[in-house]
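Student: FYI, my numbering numbers position 43 of the sequence shown as 43, with every residue one higher than the one before it.
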Amino acid sequence: MRKQAKYPVLLVVLVFQILFYYCGDNGTDNIKNRFNGKVKVASEPVKAKHFFFVGKWLGKESIYKYSFDDSSYSVFWFQDKEKVLEFLYSDDLKYAFFITARKLGTRHGVSFIKKLKLYRVDPLLSKTGLISELGEAIQLLAQWNGMNFEIQLTKFDKKIASEIDKFNRLYSPFGKLLKEEVEKFDFIKEGYPPFTIRQPKLISPSGVFGLTAKGDSIFLRVAGMDKDVFIDSSGHSFNEVRWINEDEAVIFSTRKIINSGKERTIKSELFVYDLVHRKIDFKRVGEGRMNFLIANDLLIFDDGIGNKSSIVMIDLKSNNEIKKLFINGGCSLKSIIY
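#1: With DSSP as the reference, please indicate the residues paired to Val46 in a beta bridge.
#2: Which of the three DSSP states is assigned to Asn168 in this structure?
#3: Taking Cβ positions, are Lys117 and Glu61 nearer each other than 8 Å?
#4: Rounded to the nearest angstrom, what separates Glu269 and Trp77 at their Cα positions?
#5: Can you give, in chain order, each stretch of the beta strand (DSSP E) that sits fully within the region 104–153 and has at least 3 residues?
#6: So, Arg221 versus Asp232, is the Cβ gap smaller than 8 Å?
#7: Just to confirm my understanding: we take Leu298, look at its own chain, exclude 5 residues before and 5 after, and list those with CB closer than 6 Å. What are they?
#8: Would you list the one or two residues that DSSP bridges to Leu270?
#9: Considering Ile188, what are the terminal residues of the alpha helix (DSSP H) in which it resides?
#10: Would His108 be called buried (16 or more neighbouring beta carbons within 10 Å of its own) or exposed?
#11: Please report the straight-line C-alpha distance between Trp243 and Asp281, rounded to a whole angstrom.
#12: By how many angstroms is the C-alpha of Gly135 removed from the C-alpha of Asn296?
#13: Kindly list the residues whose CB is nearer than 6 Å to the CB of Ala341, restricted to its own chain and excluding five residues on each side of it in sequence; keep chain order.
#14: Could you round the C-beta distance between Leu104 and Lys114 to whole angstroms and report it? I think they count as a contact, below 8 Å.
#15: Can you list, in chain order, the residues of its chain whose CB lies under 6 Å from that of Asp315, leaving out five sequence neighbours each side?
#16: Going by the CB atoms, is the gap between Lys184 and Glu163 shorter than 8 Å?
#17: Which residue spans inside the region 179–252 form an unbroken beta strand (DSSP E) run of at least 3?
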């Protein structure tokens with residue numbers, strides 16, 4: 001295999017790169033014609049009775065369920081010998097998976113994850129099911145790839161000590177294994193295998209709008225306009241992007257990793273940007289990844305790291321904060337471990 005630069009030893013690889021291409025400057029109509037007159041509709045806010053999130057229970061990372069009917073939450077899934085590493089919703093909130101481990105840490109400078117398991121959640125029926133026992137791993141990346149769920153993980157080869165095996169698995173939203181590939185890497189020559197990471201969708205589904213970063217500033221690109229529209233100066237890279245209601249708005253989060261001595265801090269910003277009037281309707285500066293979802297005209301996001309993390313709900317009609325969830329030990333839409 002082609003030689004790769006050595007990668008640092010990471011417990012979980014979560015790298016977000018900026019990838020942007022411009023659809024052209026021949027005008028909005030020409031861009032729309034490329035879709036043969038059929039403009040793909042951006043995602044619309046989901047109507048939901050509840051949502052799931054990660055939080056501590058009896059000292060273990062578990063899954064909670066929040067009910068919109070009575071604004072209450074309770075423990076949904078808990079196992080004494082397992083901790084939830086990450087919970088991942090599909091964009092439409094119709095499907096979800098979560099990954100657990102018995103133990104994780106670092107030994108002799110090398111990270112390890114013990115007894116990994118993959119579970120599926122049926123959000124509508126509020127049921128869970130074990131999909132696969134993944135065993136041990138050095139590194140792990142889980143993400144949605146379109147409508148399918150993807151896991152990439154690395155393990156030491158059982159026969160050749162200098163080799164690392166990279167497993168690429170693709171599951172249907174119902175948990176069926178669609179494809180599995182195994183790649184072998186020479187650890188001495190190539191270092192740790194690189195992961196393929198899904199990029200944020202910086203171009204709107206219609207192709208009319210796009211987000212781009214220049215220096216420490218974020219801009220909006222509009223088909224037919226020679227000059228980009230300034231949005232904000234953040235100095236952060238894009239984390240997550242969601243286009244809303246046929247180019248009515250875009251919601252996106254950015255983040256910047258700050259290393260200070262032995263401490264590592266993630267500074268993040270969350271924006272709701274009005275594409276019609278070209279203005280910021282909502283902005284929040286915080287810590288952590290600021291994962292978010294949209295349901296019932298609410299913007300729901302997490303803020304903070306580890307046991308200081310919380311979940312915030314914003315009414316998108318008024319842009320006012322209506323609720324904040326605190327749980328002893330922290331809570332997040334995806335993970336409180338990293």
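Glycine is no exception: its CB is placed at the ideal position from the N, C-alpha and C atoms. It should be emphasised that the depicted structure is a prediction, and the values quoted were computed from it without experimental measurement.
Tutor: Taking the structure as given:
#1: Here residue 46 refers to the residue found at position 46 of the sequence shown. Partner(s): Ala295.
#2: Mapped onto the sequence shown, residue 168 falls at position 168. The answer is strand: DSSP assigns Asn168 an E or B state.
#3: In the sequence shown, the residue the question calls residue 117 occupies position 117. In the sequence shown, the residue the question calls residue 61 occupies position 61. The answer is no: Cβ separation not under 8 Å.
#4: To locate residue 269, count along the sequence shown from 1; it is residue 269. To locate residue 77, count along the sequence shown from 1; it is residue 77. Answer to the nearest angstrom: the Cα atoms are 30 Å apart.
#5: 110–122, 127–137 and 139–145
#6: Position 221 of the sequence shown, counting from 1, holds the residue named residue 221. Position 232 of the sequence shown, counting from 1, holds the residue named residue 232. Contact: no.
#7: Your numbering for residue 298 matches position 298 in the sequence shown. If we look at Leu298 and ignore the five residues flanking it on each side, its Cβ neighbours are Met313.
#8: Here residue 270 is taken as the residue at index 270 of the sequence shown, counted from 1. Answer by DSSP bridge pairing, in chain order: Ser253 and Arg284.
#9: Residue numbering aside, residue 188 sits at position 188 when the sequence shown is read from its first letter. Unbroken alpha helix (DSSP H) run through Ile188: Phe187 to Glu190.
#10: Sequence index remark: in the sequence shown, residue 108 carries index 108 (1-based). Under this definition His108 is an exposed residue.
#11: Here residue 243 refers to the residue found at position 243 when the sequence shown is read from its first residue. Here residue 281 refers to the residue found at position 281 when the sequence shown is read from its first residue. Computed Cα separation, rounded: 14 Å.
#12: Position 296 of the sequence shown holds residue 296. Position 135 of the sequence shown holds residue 135. Near 38 Å, if we compare the C-alpha coordinates of Gly135 and Asn296.
#13: Here the chain has residues from 1 to 338 only, and residue 341 is not among them.
#14: Taking the sequence shown and counting its residues from 1, the one referred to as residue 104 is at position 104. Taking the sequence shown and counting its residues from 1, the one referred to as residue 114 is at position 114. Confirmed, about 7 Å.
#15: Residue mapping note: residue 315 aligns to position 315 of the sequence shown, counting from 1. Excluding positions up to five away in sequence, the list reads Ile322.
#16: Sequence index remark: in the sequence shown, residue 163 carries index 163 (1-based). Sequence index remark: in the sequence shown, residue 184 carries index 184 (1-based). Closer than 8 Å, so yes.
#17: 209–214, 217–222, 229–233 and 237–244
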